[in-house]
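Quick note, in the numbering used here, the sequence shown goes up one by one and the last residue is 495. The beta-carbon is built from N, C-alpha and C at its ideal position, and this holds for glycine as well. The next block holds one structure in the form of structure tokens; read it before the comments.
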Amino acid sequence: MYSGGQGVWDDRNDIARVLGIPNHRVTVELVTNGGAFGGKEDMSNQAQTAVAAWLLDRPVKCTLSREESFLMHAKRHPIKMVYTAGCDADGHLTALRVRAVGDSGAYASVGMKVLERMAGHASGPYRVGAIDVEAIAARTNNPVCGAFRGFGANQAQFAMEGVMDRLSELVGIDGWEMRKRNVIRPGQVWGPGQIMDDGCLGAEKCLDTIKPFYEQARANGFAVGLGLGLKNSGLGNGFKEVSGAVVHFRADGVIEVRHGWTEMGQGINTVALQVAVEELGIDPEDVRVIVDTTRELGFGQTTGSRGTLMGAGAVKAACEAARADGCRTGIDYHGEYRVDWTQKLGEVENPTIHSTFGYAAQLVAIDRATGRIVEVVAAHDVGRAVNPTLCEGQIEGSVHMGLGYALSEDFPSDPETGFPTNKTLRSLGILRAKDVPPIKVILVESPEPNSPYGIKGVGEIGLVPTAGAVAAALHHYDGDWRTRLPMMRASGDDE
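As structure tokens, this is what we get:
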């Protein structure tokens, strides 16, 4: 099977189960998939294609049309959230109560996990004295919803950032100061009970980095909104995550670096090459990075902003094994990186829900004369920028997606049939490249103590604070609070 999924091993196991044969009789080879953002985690047409090939005893190719893809691939969860929060006279958060119901659609995907992540991230990157969160994933007659870039953190922090801006007005301080007084710091208890380590210093560093841009934009007379967010890297919640890699020195001088992650534009192949060059002191021209789906390298899906984190750790371990043995030719040097110390909610009093978090502060500036966004500044804690160009590209793309999520993109369905009414790219309201304002990306490096090279994931955090920042800027522009996404104008005003 040739497939562009985010988890070739999961695809293999599911196909074997459908065909009723042992796993080892199925080989799934990864092909370039052109991007995914969670949309290719679930099975779509892989099993059906395999069944057709099995029954016909001949090669079969199945390509989905755009409309078929709209119907089959999972979408982002609509979530209705009710936030009740309070703070003292100085703006320090005292309590937060959240009730949320997410629309998971008609069929099983990962709705429970999305709502679990939404609940865990409900308080944003802030310390709250008392917190009570309940989130439910509901089955409906609507399109299937599952994994999508941000995985519940976007929805939660759109709401939480709105809470922060409302409270800041009540207290009489600006949005930056409100966030500064409440940002989570090492040793403090975060939302679900996790005691944060030094990795969380990145949240405050992002705030401090963006402050001069915030002050300058306000001085220039713009309507300015600020958003602060966090997003975990990896699966967490007690999952035992394992990543493997192989380094092999060939007789012709080529060094093979084999891994099993899905390369879908995020640059995992480039990162694997860089790690090998760093650890072995070799020429990049001598390295061949191979996505190896023939070996049991212990992979789950390429998801959860963990490819660089887990992949780099495994390649680093393989290189260390090679160095210890003198880098001999003809030998497979295996490396493994494990994250097996996270815990489920309720296992212990202060569970380590996630091993690593990324943080970001974003500023959105609106021209009061035109009502248009004229600038976005994104200060992102990446731990350590293994490849700054790839990091910046990820963040720019995330902000673009976040602006569309905030302002224009929608996927309504017919209330009677549950089928989507928008079936073309044009009708979805995807933000066109020509409409994207200038984006200034600032890479902040606050290393994570428990990860290789201090790496943090950047694939999803890029759009977590965007909608909140847009909503705040619009509030300063016209005085209205936005509570729905997308934040379209009133009916009849299509400008």
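Query, Result
"Presumed contact (8 Å Cβ cut-off) between P192 and I395, rounded CB distance", "That belief does not hold up - the Cβ atoms of P192 and I395 are roughly 26 Å apart, past 8 Å."
"Whole-angstrom C-beta distance between S104 and A138, which should lie under 8 Å", "6 Å"
"Residues of its chain near G39, where Cβ-Cβ distance is below 6 Å and the 5 sequence neighbours each way are ignored", "H73"
"Separation of H476 from L241, as counted between CA atoms", "Residue identity differs from the one stated: residue 241 is Glu in this sequence, not Leu. When rounded, the distance between both Cα atoms is 44 Å."
"Whether G383 touches I439 by CB criterion (7 Å)", "no"
"Given I184 as reference, the closest of R127, F148 and A217 once Cα atoms are compared", "R127"
"Completely contained beta strand (DSSP E) runs for the segment 71-119, where each covers 3 or more residues", "79-87 and 93-103"
"Residue from D283, E279, L273 and A324 whose Cα sits closest to the Cα of V518", "Outside the modelled stretch of the chain, which goes from 1 to 495, sits residue 518, for which no answer is possible."
"Which of helix, strand or coil DSSP assigns to R484", "coil"
"contact_flag[the segment 315-333, the segment 401-410] where n(CB pairs < 8 Å) is 3 or more", "no"
"Within 7 Å, strictly: CB atoms of G459 and S355", "no"
"Same chain, Cβ closer than 7 Å to K423, five either side skipped, listed in chain order", "E67 and F70"
"Other residues of its chain near G429: CB distance less than 6 Å, five sequence neighbours each side excluded", "S408, E409 and D410"
"Proximity winner among E347, A100 and A276, relative to N237 (alpha-carbon distances)", "E347"
"CA-to-CA distance, G20 to C200, given in whole angstroms", "47 Å"
"Own chain partners of G253 with C-beta closer than 7 Å, once the 5 adjacent residues on each side are dropped", "D286"
"The segment 358-371 touching the segment 253-264, judged by at least three CB pairs closer than 8 Å", "no"
"N269 in three-state terms, based on DSSP", "helix"
"Cβ separation of R117 and F148, assumed to be a contact under 8 Å, to the nearest whole Å", "About 11 Å; that fails the 8 Å criterion."
"Length at least 3, wholly inside the segment 199-260: the beta strand (DSSP E) runs in chain order", "223-233, 241-249 and 255-259"
"Alpha-carbon spacing of G393 relative to D57, whole angstroms", "44 Å"
"Reduced DSSP secondary structure (H/G/I, E/B, other) of E134", "strand"
"Limits of the unbroken beta strand (DSSP E) element including R181", "R181 -> not in any beta strand (DSSP E); alpha helix (DSSP H) instead, spanning G175 to N182."
"Per-residue DSSP class, three states only, for H380", "strand"
"Nearest to V189 (by Cα), restricted to the options H400, L390, P351 and P388", "P351"
"First and last residue of the uninterrupted alpha helix (DSSP H) at Q46", "Q46 to L56"
"Three CB pairs or more closer than 8 Å across the segment 211-230 and the segment 461-476", "yes"
"Cβ shell of V114 (< 6 Å), same chain only, five flanking positions each side left out", "H77, F151 and G152"
"CA nearest to the CA of T342, picked from T294, N232 and D381", "N232"
"Sheet register partners of D332 (DSSP bridge)", "H248"
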